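Per this note's numbering, the sequence shown starts with residue 1361, numbered consecutively. Every residue gets a Cβ at the ideal spot worked out from N, C-alpha and C, and that includes glycine. A quick note: this is a predicted structure, and the numbers were derived from the prediction, not measured.
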Amino acid sequence: MEHSLDPTRLHSAVEQAAKDLGREPDLVFLHNPEHSLREAIPHHHDLLAQACTALDAAAAKGLCAAWGVASWDPASLLNLIDTTAPTPAVLMVRAGLFVGARTLDAADALIKGWCPCGGTVWGMSPFGGSTSAPVWDRIDPRVFLRDNSQLSRVQAAFRTAYHLPQVDSVAVGTDERAHLGELVGALVGEVDERTVQEYRSLLRDQTARAVSLPEAPR
Ligand SMILES: NC(=O)c1ccc[n+]([C@@H]2O[C@H](COP(=O)([O-])OP(=O)(O)OC[C@H]3O[C@@H](n4cnc5c(N)ncnc54)[C@H](OP(=O)(O)O)[C@@H]3O)[C@@H](O)[C@H]2O)c1
């Protein structure tokens, strides 16, 4: 559900989704509200709260079982959340090895600020959209696992995504039933939290260095 945070349109969109599906959806996401909010200056703050209130009302009316917010760029949402308005039951943020230091830190802050009482957190796009990108041949995500002997690289990347940032579930795209089975199989893997923290620290250092590099002489 993109483009508009207008409460009436959101309500109609949830109604339409229930009609199209032939049943009320279990979960409806407000999709990347930071995009719509960027176009709606200067009413940012109110618009997000109104959208949350509209979705909460739709759920209370039985049009969907629950509602959440998916954010690709949590840094843009951080200053716009209003904890006096209804808060999402599910917050979905980018997860995994493609997520940069700034976005990981912003996701942590958004989760803490918006779901302090333990809403559910989902990660999305654990492979950055593709497992055939050349970068996957250059890294071995099994370094993040305590016992790395059983799982494939793809499985290890998926399992690690649950810790970058810390999420309860991961939404993944696949057209292959067997691939889904492999990913479910990866859940037995145990991620070494210390390695994750070291990685995040290195990522922060790297980002800070990249930002502070002097301009190359012409
Ligand atoms: N809010 C947003 O802006 C936004 C943006 C992007 C995504 N999302 C959410 O994130 C979800 C997932 O994102 P995504 O589909 O873009 O990216 P993704 O899950 O990171 O990657 C999907 C790719 O991974 C491959 N794959 C999955 N399991 C595999 C396996 N076991 N072995 C080999 N390849 C495997 C799939 O290929 P096969 O089909 O061959 O398995 C597919 O090409 C979406 O469904 C959506 O809910 C949200």
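In three-state terms, what does DSSP make of residue i?
{"i": "residue 1524", "result": "coil"}
{"i": "residue 1483", "result": "strand"}
{"i": "residue 1458", "result": "coil"}
{"i": "residue 1363", "result": "Because the pLDDT at residue 1363 is just 48, under 50, the model does not fix this residue reliably, and the value given afterwards should be weighed accordingly. Reduced to three states, the DSSP call for residue 1363 is coil."}
{"i": "residue 1423", "result": "coil"}
{"i": "residue 1390", "result": "strand"}
{"i": "residue 1511", "result": "coil"}
May I ask which residues mark the beginning and end of the alpha helix (DSSP H) holding residue i?
{"i": "residue 1430", "result": "Here residue 1430 belongs to no alpha helix (DSSP H); instead the beta strand (DSSP E) covers 1427 to 1431."}
{"i": "residue 1368", "result": "1367 to 1381"}
{"i": "residue 1501", "result": "No alpha helix (DSSP H) holds residue 1501; DSSP gives it neither H nor E."}
{"i": "residue 1434", "result": "1434 to 1437"}
Beta-carbon separation of residue i and residue j under 8 Å?
{"i": "residue 1336", "j": "residue 1461", "result": "With the chain covering only 1361 through 1578, there is no way to say anything about residue 1336."}
{"i": "residue 1367", "j": "residue 1411", "result": "yes"}
{"i": "residue 1486", "j": "residue 1455", "result": "yes"}
{"i": "residue 1387", "j": "residue 1424", "result": "yes"}
{"i": "residue 1495", "j": "residue 1470", "result": "no"}
{"i": "residue 1450", "j": "residue 1479", "result": "yes"}
{"i": "residue 1589", "j": "residue 1381", "result": "Here the chain has residues from 1361 to 1578 only, and residue 1589 is not among them."}
{"i": "residue 1418", "j": "residue 1445", "result": "no"}
{"i": "residue 1515", "j": "residue 1540", "result": "no"}
{"i": "residue 1527", "j": "residue 1488", "result": "no"}
{"i": "residue 1443", "j": "residue 1504", "result": "no"}
{"i": "residue 1390", "j": "residue 1397", "result": "no"}
{"i": "residue 1392", "j": "residue 1430", "result": "yes"}
{"i": "residue 1579", "j": "residue 1422", "result": "Here the chain has residues from 1361 to 1578 only, and residue 1579 is not among them."}
{"i": "residue 1501", "j": "residue 1457", "result": "yes"}
{"i": "residue 1438", "j": "residue 1466", "result": "yes"}
{"i": "residue 1440", "j": "residue 1405", "result": "yes"}
{"i": "residue 1552", "j": "residue 1506", "result": "yes"}
Using a threshold of 7 Å, is the CB atom of residue i nearer than that to any non-hydrogen atom of ligand 2?
{"i": "residue 1392", "result": "Ligands in the displayed structure: ligand 1; ligand 2 is not one of them."}
- prompt: Counting only runs that start and end within the segment 1522 to 1557, where is the beta strand (DSSP E) found for 3 or more residues in a row?
  reply: Assignment of beta strand (DSSP E) within the segment 1522 to 1557, counting only whole runs of 3 or more residues, yields 1529 to 1531 in chain order.
query: Is the number of C-beta pairs between the segment 1508 to 1523 and the segment 1535 to 1549 that are closer than 8 Å three or more?
result: Short answer: they touch.
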